[in-house]
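Quick note: the sequence shown, position 245, residue 401 per this note's numbering, numbers continuous. Okay, so here's the structure we're looking at.
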Amino acid sequence: MSTFQDLGLNNDLLQAITDLGFIKPSEVQQKAIPILLESETDLVALAQTGTGKTAAFGFPMLEKIDIDSRTTQGLILSPTRELCLQIANEMKAYGKYCKGLNVVAVYGGSSITDQARDIKRGAQIIVATPGRMKDMISRRMVDISKIQYAVLDEADEMLNMGFKEDITDILSHTPEDKNTWLFSATMPREVATIAKKFMHNPQEITVGNKNESTTNVSHEYYLVNARDRYQALKRLSDANPDIFSVIFCRTKRDTQKVAEQLIEDGYSAGALHGDLSQNQRDLVMKSFRNQQIQMLVATDVAARGIDVDDITHVINYQLPDEAETYTHRSGRTGRAGKTGISMVIVSKSEVRKIKSIERIIKRDFVKKEIPDGASICEVQLMSLANKIHNTEINHEIDKHLSSINELFADTDKDELIKKFFSVEFTRFFNYYNKSKNLNIAEGSYDRDGGREGGRDFGGKSSDSTRYFINVGSKDGFDWMKLKDFLKEQLELGRDDVFKVEVKESFSFFNTENDAKEKVLAFFTDFKHEGRFVNVEVSENRGGGGRRNDRRGGGGKRSGGRRDDKKGGFGNRSDRRRSEGSSSKPRRSDSGGDSGGGNFSRPRRSRR
Ligand code: AMP
157 MSTFQDLGLN NDLLQAITDL GFIKPSEVQQ KAIPILLESE TDLVALAQTG
207 TGKTAAFGFP MLEKIDIDSR TTQGLILSPT RELCLQIANE MKAYGKYCKG
257 LNVVAVYGGS SITDQARDIK RGAQIIVATP GRMKDMISRR MVDISKIQYA
307 VLDEADEMLN MGFKEDITDI LSHTPEDKNT WLFSATMPRE VATIAKKFMH
357 NPQEITVGNK NESTTNVSHE YYLVNARDRY QALKRLSDAN PDIFSVIFCR
407 TKRDTQKVAE QLIEDGYSAG ALHGDLSQNQ RDLVMKSFRN QQIQMLVATD
457 VAARGIDVDD ITHVINYQLP DEAETYTHRS GRTGRAGKTG ISMVIVSKSE
507 VRKIKSIERI IKRDFVKKEI PDGASICEVQ LMSLANKIHN TEINHEIDKH
557 LSSINELFAD TDKDELIKKF FSVEFTRFFN YYNKSKNLNI AEGSYDRDGG
607 REGGRDFGGK SSDSTRYFIN VGSKDGFDWM KLKDFLKEQL ELGRDDVFKV
657 EVKESFSFFN TENDAKEKVL AFFTDFKHEG RFVNVEVSEN RGGGGRRNDR
707 RGGGGKRSGG RRDDKKGGFG NRSDRRRSEG SSSKPRRSDS GGDSGGGNFS
757 RPRRSRR
C-alpha cells in the first residue's frame, strides 16, 4: 500500500496532510498523483465526489506551480459556488505551509470587484464557476493567458448545467500547451466530446467503472402505491432515528411541498431549490452542515455541489429520468470512506426504471419492505433507551432530587422506567397503532394505475374530493390531457389533480379537500371552446367513477349542486390520531415544542 511519501509529495504538503489527518492516499489519489507529478500530461479521471479527487489534482498543482511568482498558473473550474468555495478552502488547507500561496475563489453572487482585487494581488490559483469567470475575462479583470494547468472539475455537472459555451470560451483564452485535467463522475457523450476537443492524448484513470456507483453505497428500493409515497418517507425516517439525509424530488414545487409537510409534521427538515434566494440557500446549507437539519429536501440542480461528508441516507422520493442523475444523487452519501444507503421509493410503474439503473450503475438494488408500525416503535424505544444510557448526568438536577424522590417514593424501578419511557413511546405507539401495511407486491394492482397522479402527500383518500366534469374523450381528452388541462386552468401542481378517469362524455378527478372551494368557484360559468364546463362534487368519492348522472353531455351548468355529504373534512385533531393523518406523532400539544421528531433527534428545525 502506498503512502503520501511514496507518491513523491514535498514536505510542505506532507506536513499539511498530517495536520489534516489523512493517513493513506485514496484510490484516485494513488492513481492520479504520480501521473500528474511525473509528466506534463492531460488527464481524464472518472471519479465521484467524496473520493478525494480535490487532493488528487490539488496536490500536484500545488507541487508544480511557482509560488514565488504572482502570475496565475492554475485555473480550476467547478459547477457551483458551493463547490468552488469548498475547493478553494481545500486548496488553502493543502497549501498552508506553501509560503506566499494565494488561492482566490471566483463565483457569482459576491462582489466582482473584490474578487478582481484579490486576483490582482497575485493569485497563483483561481477556482471559479464558469459564468463568473467568463464575466471577468470579458471585463479584463483577470489574465489567464499564462496558466499551465486547467482543471475541469465535475465536468458532467458543468455540462448538465449548460456551461459548455462558457467553458469553450474560457479555454480559448488559455495557452494551447497547458495541461488540462478533467474530473467527472460519469462519462456521458458530451464529456467525451469536450475531452476530445480540448485535450491531447489524455491519460485516463477510472475509480470504479465508468458511470458506476461507489461501492460504499448500498441501494434499496421500496415499492408502495404512489399515494403512500409521503407516508413511506416518514416511516423510513422514523425507522432510522439518527438519519442525516438528502431527499431528492423532481420539481421545485414537490421539494418545497415535501419539506413544508415534514416541518409541519415535526421533522427537522429544510428545502433547497432554485426558487430560494442565495441567502436562503446559504442558511439552509449552514443548518444542514451543522446537522440542525436532519432531512434536506432538494432538487437535483440545487443539490449539485453539496459536499457534506456524514450523510447517512439519500432518499429518492421520486426517481430521476436519467440514471446518471441517480449516480450523482447516491454519490452524496458513502463519502470519505464511510458507508451510506441510497433508498428509492417507487410505485409499480417505476420498477422497470430500477432495473435500467441497475444495469447502468452495475449495482444490484435490494427490494426492502417499508417497516411496520410495531418495528418502528421498537426502534424508537431502543434508540431512546440507548440515548438515556449514554447521557451524561446534569448535576443541576441534584438539588431537585429530594422533591422528585418524594414524588416517586411509592414507585418501584420497573414502574418508573415504564412511566418514563411512556412519555415518548405513547406518542409513537398511538400514531402507528393500527397503521396499515404500505408495501405492495410487484405484481399487485396499483390503485393509482401506477401513475404519478396518485396522492402523494399525507393521508388517505378521505382527505380528497372527487369531482364530476362534463367533458370526456369525445371532447378530445384522455386522462393525461385532462389532468394537464385542469392543472393549468386551476394553477395546481403536478400531483394536485389525481385519479383522473375519462369516460366518453364526462370524466372524474380528485383534488385534496383544501382545493375544493377553488375548483368549484373556478368552474362557475367557465366556458371551454364555447361550451360551459360543469364541475360538481361527485357522490361517488372512490376511484370507481360511477356517478348517478345521466346527462353526460354539454349544456349549461345547473347552478352548482354540490353534494358535500360524503366530502366532509376530517376534523383536524382526529387527523392527528393515526397515520392516515399527515402529522407525525407530536410531543404534548401544550408546551413550546409542538414538533414531533424522533426520540433521538438532537436538534429541531426552526418552526
Ligand atoms: P473530495 O472528493 O475531494 O470532495 O473529498 C472528500 C473528502 O475526503 C474531503 O473532506 C477531503 O478532505 C477528504 N479526503 C481527501 N483525501 C483524503 C484521504 N486521503 N484520507 C482521508 N480523507 C480524505
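Cβ atoms here follow ideal geometry from the backbone N, Cα and C, with glycine treated the same way. On a predicted model such as this, the values are computed, not experimentally measured, just so you know.
- Of the listed residues Leu239, Val200 and Ala677, nearest to Asp438 (C-alpha basis): Residue numbering aside, residue 438 sits at position 282 when the sequence shown is read from its first letter. Residue nearest to Asp438 within the set Leu239, Val200 and Ala677 is Leu239 (criterion: CA-CA distance).
- Task: Grab me the residues of Phe581's own chain with a C-beta within less than 6 Å of its C-beta, minus the 5 sequence neighbours each way, in chain order.
- Result: Here residue 581 is taken as the residue at index 425 of the sequence shown, counted from 1. Around Phe581, the same chain offers Leu537 as residues with beta carbons nearer than 6 Å, after the five sequence neighbours per side are excluded.
- Task: List the residues that DSSP assigns as beta-bridge partners of His469.
- Result: Residue mapping note: residue 469 aligns to position 313 of the sequence shown, counting from 1. His469 pairs with Ser401 and Ile497.
- Query: Taking Cβ to Cβ, would you say Leu202 is nearer than 8 Å to Thr362?
  - Reply: The residue given as residue 202 occupies position 46 in the sequence shown. The residue given as residue 362 occupies position 206 in the sequence shown. Taking a C-beta distance under 8 Å as the contact criterion, Leu202 and Thr362 qualify as a contact pair.
- From Asp291 to Ser266, what distance separates their C-alpha atoms? Residue 291 sits at position 135 when you count from the first residue of the sequence shown. Residue 266 sits at position 110 when you count from the first residue of the sequence shown. Rounded to the nearest angstrom, the two C-alpha atoms are 13 Å apart.
- Query: Given Arg491, which residues of its chain have a CB within under 6 Å of its CB, disregarding the five upstream and five downstream residues?
  - Reply: In the sequence shown, counting from the first residue as 1, residue 491 sits at position 335. These residues qualify, in order along the chain: Gly206 and Asp465.
- In terms of alpha-carbon separation, which member of Gly430, Tyr250, Met297 and Val347 lies closest to Lys408? Working through the sequence shown from its first residue, we reach residue 408 at position 252. With respect to the C-alpha of Lys408, the residue from Gly430, Tyr250, Met297 and Val347 having the closest C-alpha is Gly430.
- By the 10 Å Cβ neighbour count, where 16 or more other Cβ atoms means buried, how is Lys674 classified, buried or exposed? As a working mapping, residue 674 is identified with position 518 in the sequence shown. Classification of Lys674: exposed, given that the 10 Å Cβ count is below 16.
- Quick one, are the C-beta atoms of Ser663 and Phe682 less than 8 Å apart? Locating residue 663 in the sequence shown gives position 507, where the first residue counts as 1. Locating residue 682 in the sequence shown gives position 526, where the first residue counts as 1. Remark: C-beta atoms of Ser663 and Phe682 do not approach each other more closely than 8 Å.
- Per DSSP, the bridge partner or partners of Arg622: To locate residue 622, count along the sequence shown from 1; it is residue 466. Answer is Asn666.
- Item | Classification of Ser746 by the beta-carbon crowding that lies within 10 angstroms, buried from 16 upward | As a working mapping, residue 746 is identified with position 590 in the sequence shown. Summary for Ser746: the model assigns pLDDT 32, below 50, so the residue's position carries little reliability, and this model does not support an answer.
- Item | Burial state of Ala212, where buried means 16 or more other Cβ atoms lie within 10 Å | If you number the sequence shown from 1, residue 212 lands on position 56. The Cβ neighbour count for Ala212, taken over all protein chains shown within 10 Å, is at least 16; the residue is labelled buried.
- Task: Rounded to whole angstroms, what's the CA-CA distance from Ala284 to Ser234? Just pull it up for me.
- Result: Within the sequence shown, the letter at position 128 stands for residue 284. Within the sequence shown, the letter at position 78 stands for residue 234. Cα to Cα, Ala284 sits roughly 6 Å from Ser234.
- If we call anything under 8 Å between Cβ atoms a contact, is Lys220 one with Phe339? By 1-based counting over the sequence shown, the position of residue 220 is 64. By 1-based counting over the sequence shown, the position of residue 339 is 183. No, they are not a contact pair.
- Message: Assuming the contact rule is C-beta atoms closer than 8 Å, Ser629 and Glu660 should be a hit. Round their C-beta distance to whole Å, please.
- Response: Residue mapping note: residue 629 aligns to position 473 of the sequence shown, counting from 1. Residue mapping note: residue 660 aligns to position 504 of the sequence shown, counting from 1. Taking 8 Å as the upper bound for CB-CB distance, Ser629 and Glu660 are in contact here, some 5 Å apart.
- Message: What residue range does the alpha helix (DSSP H) around Ser278 cover?
- Response: On the sequence shown, residue 278 is found 122 positions in, with the first residue counted as 1. Reading off the sequence, residue 278 comes out as Gly, not Ser. Going by DSSP, Gly278 is part of no alpha helix (DSSP H) at all; its letter is neither H nor E.
- So what does DSSP say about Phe725, is it helix, strand or coil? Sequence index remark: in the sequence shown, residue 725 carries index 569 (1-based). For Phe725, the predicted structure reports a pLDDT of 23, less than 50, and the residue's modelled location is therefore unreliable. A value from the coordinates is still provided. Secondary structure at Phe725: coil, using DSSP grouped into helix, strand and coil.
- Query: When DSSP labels each residue in this structure, what does Gly430 get in the three-state scheme?
  - Reply: Position 274 of the sequence shown holds residue 430. Looking at Gly430 - three-state DSSP - the assignment turns out to be coil, as it is neither helix nor strand.
- Item | Arg226, enclosing alpha helix (DSSP H) - first and last residue | Mapped onto the sequence shown, residue 226 falls at position 70. Per DSSP, Arg226 belongs to no alpha helix (DSSP H) and is neither H nor E.
- Query: What separation, rounded to the nearest whole angstrom, lies between the Cα atoms of Asn166 and Thr236?
  - Reply: Counting from one through the sequence shown, the residue named residue 166 turns up at place 10. Counting from one through the sequence shown, the residue named residue 236 turns up at place 80. Cα to Cα, Asn166 sits roughly 31 Å from Thr236.
- Task: Check each candidate in Ser559, His556 and Ala541 and name the one with the smallest Cα separation from Phe576.
- Result: In the sequence shown, counting from the first residue as 1, residue 576 sits at position 420. The candidate whose alpha carbon is nearest that of Phe576 is Ala541.
- Message: For Ala395, report the span of its beta strand (DSSP E) as first-last.
- Response: Walking along the sequence shown from the start, residue 395 turns up at place 239. Taken as a continuous stretch (DSSP letters only), Ala395 belongs to no beta strand (DSSP E), as it is neither H nor E.
- Message: Less than 7 Å separating the Cβ of Ser182 from some heavy atom of the ligand AMP?
- Response: Along the sequence shown, read from residue 1 onward, the residue named residue 182 stands at position 26. Within the cutoff, so yes.
- Three-state secondary structure assigned by DSSP to Tyr482: In the sequence shown, residue 482 corresponds to position 326, counting from 1. Note: Tyr482 maps to helix in three-state DSSP.
- Apply the 10 Å Cβ neighbour rule to Gln434 and answer buried if 16 or more other Cβ atoms are within range, or exposed otherwise. On the sequence shown, residue 434 is found 278 positions in, with the first residue counted as 1. With fewer than 16 other Cβ atoms within 10 Å, it is exposed.
- Message: To the nearest angstrom, how far is the alpha carbon of Asp168 from that of Cys533?
- Response: Along the sequence shown, read from residue 1 onward, the residue named residue 168 stands at position 12. Along the sequence shown, read from residue 1 onward, the residue named residue 533 stands at position 377. When rounded, the separation of the alpha-carbon atoms in Asp168 and Cys533 is 53 Å.
- What three-state label does DSSP hand Ile326 in the structure shown? For the purposes of this step, residue 326 is taken as the residue at position 170 of the sequence shown. The answer is helix: DSSP assigns Ile326 an H, G or I state.
- alpha helix (DSSP H) segment containing Asn561, residue limits: By 1-based counting over the sequence shown, the position of residue 561 is 405. Residues Leu557 to Leu563.
- Query: Can you list, in chain order, the residues of its chain whose CB lies under 8 Å from that of Asn595, leaving out five sequence neighbours each side?
  - Reply: The residue labelled residue 595 in the question sits at position 439 within the sequence shown. Taking C-beta separations shorter than 8 Å and ignoring five residues to either side along the sequence, the partners of Asn595 in its chain run Tyr378, Leu379, Val380, Glu525 and Ile526, following chain order.
- Query: Of all the options Lys252, Glu246 and Arg296, which has the alpha carbon lying nearest to the alpha carbon of Thr269?
  - Reply: The sequence position of residue 269 within the sequence shown is 113, counting from 1. When each option's Cα is compared against that of Thr269, the closest is Arg296.
- Straight-line gap, Gln204 to Asp631 (C-alpha atoms, nearest Å): The sequence position of residue 204 within the sequence shown is 48, counting from 1. The sequence position of residue 631 within the sequence shown is 475, counting from 1. Rounded to whole angstroms, the gap between the alpha carbons of Gln204 and Asp631 is 51 Å.
- Message: Which of the three DSSP states is assigned to Asp604 in this structure?
- Response: Stepping through the sequence shown from its first residue, residue 604 is reached at position 448. In this predicted model, Asp604 has a pLDDT of only 41, less than 50, meaning its place in the structure is not dependable; the value taken from the coordinates is given anyway. Correct three-state label for Asp604: coil.
- Identify, in the order they occur along the chain, each residue of the same chain with its Cβ nearer than 6 Å to the Cβ of Asp612, setting aside the five sequence neighbours on each side. The residue labelled residue 612 in the question sits at position 456 within the sequence shown. Any reading at Asp612 must be qualified, since the residue scores a pLDDT of 41, below 50, and its modelled position is unreliable; the value itself is stated next. Around Asp612: Arg385, Tyr386 and Asp651.
- Given that a residue counts as buried once 16 or more other Cβ atoms are within 10 Å of its Cβ, and exposed if not, what is Asn690? As a first step, residue 690 is located in the sequence shown; it is residue number 534 there, counting from the start. Counting C-beta atoms within 10 angstroms of its own C-beta, Asn690 has 16 or more neighbours from the protein chains shown and is therefore classed as buried.
- Report yes or no: do the region 502 to 514 and the region 403 to 421 share at least 3 C-beta pairs separated by less than 8 Å? No contact exists between the region 502 to 514 and the region 403 to 421.
- Message: Between which two residues does the alpha helix (DSSP H) holding Val535 run?
- Response: For the purposes of this step, residue 535 is taken as residue 379 along the sequence shown, with counting starting at 1. From DSSP, the alpha helix (DSSP H) with Val535 extends over Gly529 to Asn546.
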